[in-house]
Amino acid sequence: MSTQAPTNQVKLSVLSLSENVGFARLSAAAFASQAELTINEIEEIKVAVSEAVSNAVIHGYGKLNQKQDNYVEIVMTLYQDRIDFVISDYGRGIADVEAARQPSYSSDPERMGLGFVFMESFMDSLAVVSTLGQGTTVTMSKKFTAKTSH
Amino acid sequence: MSTQAPTNQVKLSVLSLSENVGFARLSAAAFASQAELTINEIEEIKVAVSEAVSNAVIHGYGKLNQKQDNYVEIVMTLYQDRIDFVISDYGRGIADVEAARQPSYSSDPERMGLGFVFMESFMDSLAVVSTLGQGTTVTMSKKFTAKTSH
Amino acid sequence: IGEIRRYLRDNNPIRVSRSMRDIAYKALQIRDSLVSKYSREPSINEIAEELKIPREEIIFALDAIQEPISLFEPIYH
Ligand SMILES: Nc1ncnc2c1ncn2[C@@H]1O[C@H](COP(=O)(O)OP(=O)(O)O)[C@@H](O)[C@H]1O
Ligand SMILES: Nc1ncnc2c1ncn2[C@@H]1O[C@H](COP(=O)(O)OP(=O)(O)O)[C@@H](O)[C@H]1O
Ligand SMILES: [Mg+2]
Ligand SMILES: [Mg+2]
Chain L
1 MSTQAPTNQV KLSVLSLSEN VGFARLSAAA FASQAELTIN EIEEIKVAVS
51 EAVSNAVIHG YGKLNQKQDN YVEIVMTLYQ DRIDFVISDY GRGIADVEAA
101 RQPSYSSDPE RMGLGFVFME SFMDSLAVVS TLGQGTTVTM SKKFTAKTSH
Chain X
1001 MSTQAPTNQV KLSVLSLSEN VGFARLSAAA FASQAELTIN EIEEIKVAVS
1051 EAVSNAVIHG YGKLNQKQDN YVEIVMTLYQ DRIDFVISDY GRGIADVEAA
1101 RQPSYSSDPE RMGLGFVFME SFMDSLAVVS TLGQGTTVTM SKKFTAKTSH
Chain W
2001 IGEIRRYLRD NNPIRVSRSM RDIAYKALQI RDSLVSKYSR EPSINEIAEE
2051 LKIPREEIIF ALDAIQEPIS LFEPIYH
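Residue numbers (our numbering), protein chains in the order written: chain L, 1 to 150; chain X, 1001 to 1150; chain W, 2001 to 2077.
As structure tokens, this is what we get:
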């Protein structure tokens, strides 16, 4: 990560509800639209952010879903040549992050286990930090070419 | 205000930059689209939220704009039959709220002074609480007819 | 107020309004014409400038015309 100063930042804190996956997805697209990104790149960001937020809702909080103060946080920061998205939950955490990131790995037999694979392939970097019983933080970055004056 | 439990809530915290007025506007529309509102009513919410957020950026922080930690907060809460929007800044505050809410009143001769008028006419309630030197909180509510099962 | 009222004419309770659909299709058309003009994908800002519509409106419209559940998100059960 470079040390350049951010040019913009917004933070979202959303209740852990599946309705808010769509909300976060659209908000991420709106924030990303400030950057010189194409429609396709914005679609990729939407998929990656949806996957991370839905993981927080489904796996992070899961049945804890109903608890009033289960929030998922999404911090979006714009730099001159990249946007960072940091998605955090304070839910159950992941025992083995390496294993969880493998294609087709899912703790739920009904799911595809492709969330992390999509995040990794659609973004330019992905870092996952998790502590059992404390929660998970996913940091993703998307690069772009800074606008040239024209 | 009723005491019913909220069915959803999201909180945004955005740097005081004019780019984030459009961001907040779209986020408000995305959140409001969870409720049984017409497209027309969602447009009204977009106008009201934009006016409140742009007031925070322009008047609340104004020249203080560049300071790194000037954030505008937007809390959106969905209830069974209404949505509340609370927009807060920690900027200079308003000396005389009554006067500021009058149609055509503006402290800036280049502006129209219709922001509060729009908020009031497009929403079902508007409350403005402000302390000089500490900031301003605008609370607006939009009612709707609760969804009937279908 | 008249200007804004006019802007708010759409009183349709349907989720995707006619005007949103129009914005989305126009954005995709302009993208195609900018692709042939510049021989590269235009940014959303370039499309917004061309259309003279705020970029957030384009984002919202494009999102609205998508399938509500994408292949990537088998999450809603
Ligand atoms: N935020 C999270 N909290 C707890 N566990 C998680 C979280 N995100 C992912 N996981 C674990 O990692 C696995 C793989 O995630 P993913 O690749 O998105 O696949 P899927 O969601 O389809 O299971 C999940 O099945 C789950 O066990
Ligand atoms: N968040 C705020 N912080 C400080 N002053 C404010 C704020 N919001 C509104 N005001 C004051 O109230 C006046 C009226 O606001 P408004 O009706 O939106 O008109 P305008 O923004 O066109 O001036 C502003 O000119 C400003 O003096
Ligand atoms: Mg997943
Ligand atoms: Mg104003």
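No residue lacks a Cβ here, since even glycine has one placed at the ideal position from N, Cα and C.
Relative to ligand 4, Asn-1055(X) has its C-beta within less than 8 angstroms of a heavy atom.
Residue pairing by DSSP places Lys-1142(X) opposite Ile-1083(X) in a beta bridge.
With a 10 Å radius around the Cβ and a threshold of 16 neighbouring Cβ atoms, Thr-1137(X) comes out buried.
Within the DSSP secondary-structure output, Ile-42(L) pairs in no beta bridge. A check of alpha carbon separations from Tyr-1090(X) across Leu-1012(X), Ser-1106(X), Ser-1016(X) and Val-1010(X) identifies Ser-1016(X) as the nearest. Inclusion of Ala-1100(X) in the 8 angstroms shell around ligand 2 follows from its C-beta lying nearer than that to a non-hydrogen atom of the ligand.
Excluding the 5 residues flanking it on each side, Ile-94(L) has same chain C-beta neighbours closer than 7 angstroms at Ala-100, Ser-130 and Thr-136, in chain order. Chain order gives the chain L residues near Val-1014(X) as Val-10, where near means a beta carbon separation below 7 angstroms. In this structure, the CA atom of Val-1072(X) is about 15 angstroms from the CA atom of Ala-1048(X). Within chain X, no residue has its CB atom less than 9 angstroms from the CB of Ser-50(L), the nearest being about 13 angstroms off. The DSSP-derived three-state label of Ile-1074(X) is strand. Neighbours of Glu-36(L) in chain W, taken as residues whose beta carbon is under 9 angstroms from its own, are Ser-2043, Ile-2044, Asn-2045 and Glu-2046 in chain order. If you ignore the 5 residues before and after Asn-1020(X), its C-beta comes within less than 8 angstroms of the C-beta of Val-1014, Val-1053, Val-1057 and Val-1072, all in its own chain and listed in chain order. Burial is judged here by how many other beta carbons sit within 10 angstroms of a residue's own beta carbon; Ser-2043(W) has at least 16 and is buried.
Annotated as proximal: Met-1123(X) and Glu-1044(X), with beta-carbon spacing under 9 angstroms. Distances between the C-beta of Gly-1115(X) and the heavy atoms of ligand 4 include at least one below 8 angstroms. Residue side-chain check: Arg-111(L) places its Cβ nearer than 8 angstroms to a non-hydrogen atom of ligand 3. The Cβ of Ser-1027(X) sits closer than 9 angstroms to at least one Cβ of chain L.
At a beta-carbon threshold of 7 angstroms, none of the residues of chain L lie near Asn-1055(X); the nearest stands roughly 18 angstroms away.
Gly-115(L) and Ser-104(L) have their alpha carbons spaced roughly 9 angstroms apart.
At a cut-off of 9 angstroms between beta-carbon atoms, Ser-107(L) makes no contact with chain W. In this structure, the beta-carbon distance from Arg-92(L) to His-59(L) falls below 9 angstroms. Within the same chain, and ignoring the five residues on either side of Asn-8(L) in sequence, the residues whose Cβ sits closer than 7 angstroms to its Cβ are Gln-34 and Leu-78. Around Leu-17(L), the beta-carbon contacts reaching into chain X at under 8 angstroms are Asn-1008. Annotation for Ser-2039(W): no residue places its beta carbon closer than 6 angstroms to its own, counting only its chain and skipping 5 residues before and after.
Residues of chain W whose Cβ lies closer than 8 angstroms to the Cβ of Gly-1022(X) are, in chain order, Pro-2054, Arg-2055 and Glu-2056.
Contacts between Arg-2031(W) and chain L, judged by CB atoms closer than 7 angstroms, involve Ile-39 in chain order.
In summary, Asp-2063(W) is buried, with 16 or more beta-carbon neighbours lying within 10 Å of its beta-carbon over all protein chains present. Taking 9 angstroms as the cut-off, the beta carbon of Glu-2056(W) is found closer than this to the beta carbon of Ala-30(L).
Following the DSSP letters along the chain, one finds Leu-1015(X) inside the beta strand (DSSP E) bounded by residues 1008-1015.
Spatial neighbours of Val-2035(W) in its own chain (CB-CB distance under 8 angstroms, excluding positions within 5 residues in sequence) are listed in chain order as Glu-2041 and Pro-2042. Of all alpha-carbon atoms in Asp-1096(X), Ile-1087(X), Ile-1039(X) and Lys-1046(X), the one lying nearest the alpha-carbon of Phe-1118(X) is that of Lys-1046(X). When the five nearest sequence neighbours on each side are left out, the beta carbons in the same chain lying within less than 7 angstroms of the beta carbon of Ile-2065(W) are those of Val-2016, Arg-2021 and Ala-2024, in order along the chain.
CA-to-CA, the gap between Gln-134(L) and Pro-109(L) works out to about 24 angstroms. Taking Asn-1070(X) as reference, the option from Gln-1080(X), Lys-1143(X) and Ser-1088(X) with the minimal CA-CA separation is Ser-1088(X).
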